[in-house]
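Visitor: Residue numbers (this note's numbering), protein chains in the order written: chain L, 423 to 665; chain D, 152 to 354.
Don't be surprised by glycine CBs; every beta carbon is placed ideally from N, CA and C.
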Amino acid sequence: MERLAGAVTPVEQRAPGRWQIGTVMRIKQETPRVKSFRISLPMWMPHLPGQHYDVRLTAPDGYRAQRSYSIASTPLDEGEIELTIDLLDGGEVSPYFHDVVIEGDRVEVRGPFASYFVWRGEEPVLLVGGGSGIVPLMAMLRHRRRTMPGLPMRLVYSVRTAADVIYADELGEETMLTYTREPPAGWTGHTGRIDGSLFETAPSIATAFVCGSNSFVEAAAGLLLDAGYAPERIRTERFGPTG
Amino acid sequence: MSGFISRGFQGLRRTPEELKERLPPGQYLERGFPVLTAGPTPEVPLDQWTLRVDGMVAEARQWSWKEFRALPFEQVPCDIHCVTKWSKLGTSFGGVSVDVLLEEAEPLGAYVTAYSYGDYTTNIPVEDVTDGKAWIVTEHEGEPLPREHGGPARLLVPHLYFWKSAKWIAGLRVMDHDEPGFWEANGYHNRGDPWREERYWSD
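1. Taking Cβ-Cβ distances shorter than 7 Å, what residues in chain D pair up with residue 647/L?
2. Could you tell me the boundaries of the alpha helix (DSSP H) in which residue 644/L lies?
3. Along the segment 296 to 308 of chain D, what residues have a CB closer than 8 Å to any CB found in chain L?
4. Would you report the Cα separation of residue 273/D and residue 611/L, rounded to the nearest angstrom?
5. Given that residue 365/L touches chain D, what residues does it touch there, using C-beta distances under 7 Å?
6. Please return the same chain residues whose Cβ sits closer than 6 Å to the Cβ of residue 541/L, not counting the five positions on each side in sequence.
7. Give a single yes or no on whether residue 341/D has its beta carbon closer than 7 Å to a heavy atom of the ligand HEM.
8. Buried or exposed, going by whether 16 or more other CB atoms sit within 10 Å of the CB of residue 524/L?
9. Would you mind giving the Cβ-Cβ distance between residue 324/D and residue 206/D, rounded to the nearest angstrom? I have them listed as a contact below 8 Å.
10. Starting from the N-terminal side, write out each stretch of the beta strand (DSSP E) that is 3 residues or longer and does not extend beyond the segment 295 to 344 of chain D.
11. Here's a check: name, in chain order, each residue in its chain whose Cβ is nearer than 7 Å to the Cβ of residue 155/D, leaving out the five neighbours to either side.
12. Specify, as a first and last residue, the run of the alpha helix (DSSP H) that residue 516/L falls within.
13. Verify whether the separation of the beta carbon atoms of residue 263/D and residue 244/D is less than 8 Å.
14. Can you list the residues of chain D that residue 490/L reaches, using a CB-CB cut of under 8 Å?
15. Under 8 Å between beta-carbons, which chain D residues line up against residue 527/L? List them in chain order, please.
16. Rounded to a whole number of angstroms, what is the C-alpha to C-alpha distance between residue 209/D and residue 660/L?
17. On the DSSP bridge assignment, give the partners of residue 488/L in chain order.
18. Comparing C-alpha positions only, which one of 450/L, 613/L, 478/L and 460/L sits nearest to residue 442/L?
19. Between which two residues does the beta strand (DSSP E) holding residue 286/D run?
20. What are the start and end residues of the beta strand (DSSP E) that includes residue 549/L?
21. Given residue 316/D, which residues of its chain have a CB within under 7 Å of its CB, disregarding the five upstream and five downstream residues?
22. How about residue 658/L: is its C-beta nearer than 8 Å to some C-beta of chain D?
23. Can you tell me which of the three DSSP states residue 171/D falls into?
24. With a threshold of 16 other CB atoms inside 10 Å of the CB of residue 492/L, please say whether the residue is buried or exposed.
25. Starting from the C-beta of residue 254/D, find all residues in its chain whose C-beta is less than 7 Å away, skip the five residues before and the five after it, and write them out in chain order.
26. Residues of chain D with CB closer than 7 Å to the CB of residue 479/L, please, in chain order.
27. Hey, how far is the Cα of residue 512/L from the Cα of residue 261/D?
28. Would you decide whether residue 346/D is buried or exposed? Buried here means 16 or more other CB atoms lie within 10 Å of its CB.
29. Can you give me the Cβ contacts of residue 531/L inside the same chain, cut-off strictly under 6 Å, excluding the 5 residues immediately before and after it?
30. Hey, is the segment 274 to 281 of chain D in contact with the segment 210 to 225 of chain D, meaning 3+ C-beta pairs nearer than 8 Å?
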């Protein structure tokens with residue numbers, strides 16, 4: 423009964439968890455549909471890689487919309503966080519960030535929250551991301567680069583085409599990409615949906631973090647179970663429709 | 152932080168006027184039924200499925216699938232609210248009232264830990280699962296509950312955030328004290344009332 427609960431040590435809630443007004447310092451267009459926002463915070467708290475912030479928009483008449491977004495940055499970036507936001511058709515908060523927000527704008531946020539899908543330095547660690555599911559995994563990858571570059575960490579990252587690769591200039595030897603729609607010219611790596619060939623069998627993995635759409639997570643978790651990963655070592659985050 | 156206005160935000164997805172009162176603060180209307188699960192989806196064959204009521208009870212009880220299906224079955228029209236901000240309005244489930252199950256076991260404690268196949272847990276006061284407020288459901292909108300949504304059976308406590316409605320329910324353990332469940336130990340609110348916006352520990 424204690425499998426999930428026992429696998430995770432609860433942490434103290436260190437964050438104020440209070441709404442605060444951050445300032446957008448930098449915006450990076452990652453792909454045609456994905457932007458990253460560096461936000462400086464007056465009440466910044468160090469987060470655990472994998473945690474999220476809530477964002478709240480308020481219209482002049484008081485109407486509000488809230489969504490949760492994963493943090494992409496390492497907690498070593500003191501005083502600021504990076505949120506990477508995928509543009510969702512028919513959405514409300516993501517189109518605002520994509521079409522309205524400019525550098526210097528103020529945005530209301532609170533966090534960091536949740537302590538299940540977080541990496542606390544267990545090793546070796548396997549990250550499996552589909553599409554924008556890479557965002558919380560990037561916080562883990564960036565944190566490992568800055569703190570313990572020798573720690574065994576692998577990233578399996580599934581994207582449609584080369585134009586959809588988020589953080590393309592930061593992916594290194596730890597990353598195995600697969601292109602599900604169209605690989606770039608001359609690509610000799612994996613193509614198509616993820617399959618068992620991307621994962622070691624019977625591995626000595628401490629934890630696997632899987633993030634993406636529900637169908638991606640289901641497929642990836644199934645492959646990991648087939649490859650001999652124990653279910654309690656597979657943590658998943660399913661990105662719902664966070665428009 | 153009252154008074155803050157998001158520059159240039161008008162609201163693109165406002166709730167239709169007639170549904171406004173049914174949407175708790177900070178929630179938005181979702182027509183689909185998103186799936187959120189911590190870990191892989193468990194598979195529970197019906198011939199191995201049981202539901203238990205145990206812990207601090209006068210008599211621990213266990214039902215097989217066949218026995219469970221013979222209990223009084225009711226339709227439960229409801230709205231559901233996920234802590235990740237979406238709400239689904241006007242949906243329905245079919246199942247057995249938790250009142251029926253607890254009546255047979257006679258709870259002696261004031262708290263319940265719902266536990267699941269796959270080892271998920273969530274804690275709820277007994278008063279939040281009695282008097283027609285909670286069900287063990289096996290159907291969603293007239294169809295067998297899909298596995299990804301907790302089938303064969305899940306707890307349904309529609310007046311609390313939906314993480315309290317444990318998927319793949321295996322039993323209810325009556326306790327004399329309150330013990331945080333899985334999400335409750337990982338940063339989410341102990342009770343989770345959407346109308347009070349009890350999302351996180353600090354709320």
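Guide: Taking the definition as stated:
1. Within the first sequence, residue 647/L is the residue found at index 225, counting from 1. Here the neighbours are 191.
2. The sequence position of residue 644/L within the first sequence is 222, counting from 1. Start and end: 636 to 648.
3. Result list: 299.
4. For the purposes of this step, residue 273/D is taken as residue 122 along the second sequence, with counting starting at 1. For the purposes of this step, residue 611/L is taken as residue 189 along the first sequence, with counting starting at 1. Approximately 43 Å between the Cα atoms of the pair.
5. Because chain L here runs from 423 to 665, residue 365/L falls outside it and cannot be looked at.
6. Taking the first sequence and counting its residues from 1, the one referred to as residue 541/L is at position 119. Taking C-beta separations shorter than 6 Å and ignoring five residues to either side along the sequence, the partners of residue 541/L in its chain run 471, 472 and 562, following chain order.
7. Looking for the ligand HEM in the displayed structure turns up nothing, as the structure carries no ligands at all.
8. Here residue 524/L corresponds to residue number 102 of the first sequence, with the count starting at 1. Looking at its Cβ environment, which holds fewer than 16 other Cβ atoms inside 10 Å, residue 524/L is exposed.
9. Taking the second sequence and counting its residues from 1, the one referred to as residue 324/D is at position 173. Taking the second sequence and counting its residues from 1, the one referred to as residue 206/D is at position 55. The C-beta separation of residue 324/D from residue 206/D comes to about 4 Å, placing the pair in contact by the 8 Å criterion.
10. 305 to 307 and 320 to 326
11. In the second sequence, counting from the first residue as 1, residue 155/D sits at position 4. So the list is empty, once near-sequence residues are dropped.
12. Looking up residue 516/L in the first sequence gives position 94. First-last of the alpha helix (DSSP H) with residue 516/L: 515 to 521.
13. As a first step, residue 263/D is located in the second sequence; it is residue number 112 there, counting from the start. As a first step, residue 244/D is located in the second sequence; it is residue number 93 there, counting from the start. No, they are not a contact pair.
14. Taking the first sequence and counting its residues from 1, one reaches residue 490/L at position 68. Those are 235 and 236, listed as they occur along chain D.
15. Stepping through the first sequence from its first residue, residue 527/L is reached at position 105. Result: 158.
16. Taking the second sequence and counting its residues from 1, the one referred to as residue 209/D is at position 58. Taking the first sequence and counting its residues from 1, the one referred to as residue 660/L is at position 238. C-alpha separation (whole angstroms): 40 Å.
17. Start at 1 with the first residue of the first sequence, and residue 488/L comes out as number 66. Partner(s): 478/L.
18. For this step, residue 442/L is matched to residue 20 along the first sequence. That would be 478/L, whose Cα lies nearest to the Cα of residue 442/L.
19. Mapped onto the second sequence, residue 286/D falls at position 135. Counting along the chain, the beta strand (DSSP E) containing residue 286/D begins and ends at 286 to 291.
20. Looking up residue 549/L in the first sequence gives position 127. First-last of the beta strand (DSSP E) with residue 549/L: 547 to 552.
21. Taking the second sequence and counting its residues from 1, the one referred to as residue 316/D is at position 165. Same-chain partners within the cutoff: 305, 306, 307 and 308.
22. As a first step, residue 658/L is located in the first sequence; it is residue number 236 there, counting from the start. Yes, contact with chain D.
23. For this step, residue 171/D is matched to residue 20 along the second sequence. It is helical.
24. Mapped onto the first sequence, residue 492/L falls at position 70. Label assigned to residue 492/L: buried.
25. The residue you call residue 254/D lines up with position 103 of the second sequence. So the list is empty, once near-sequence residues are dropped.
26. Your numbering for residue 479/L matches position 57 in the first sequence. Under a criterion of Cβ atoms nearer than 7 Å, the residues of chain D adjacent to residue 479/L are, in order, 157 and 160.
27. Within the first sequence, numbered from 1, the residue matching residue 512/L stands at position 90. Within the second sequence, numbered from 1, the residue matching residue 261/D stands at position 110. Going by the C-alpha atoms only, they are around 45 Å apart.
28. Looking up residue 346/D in the second sequence gives position 195. An exposed status is given to residue 346/D, since fewer than 16 other beta-carbon atoms sit within 10 Å of its beta-carbon.
29. To locate residue 531/L, count along the first sequence from 1; it is residue 109. Once the five neighbours on either side are set aside, the close Cβ partners of residue 531/L are 444, 475 and 477.
30. no
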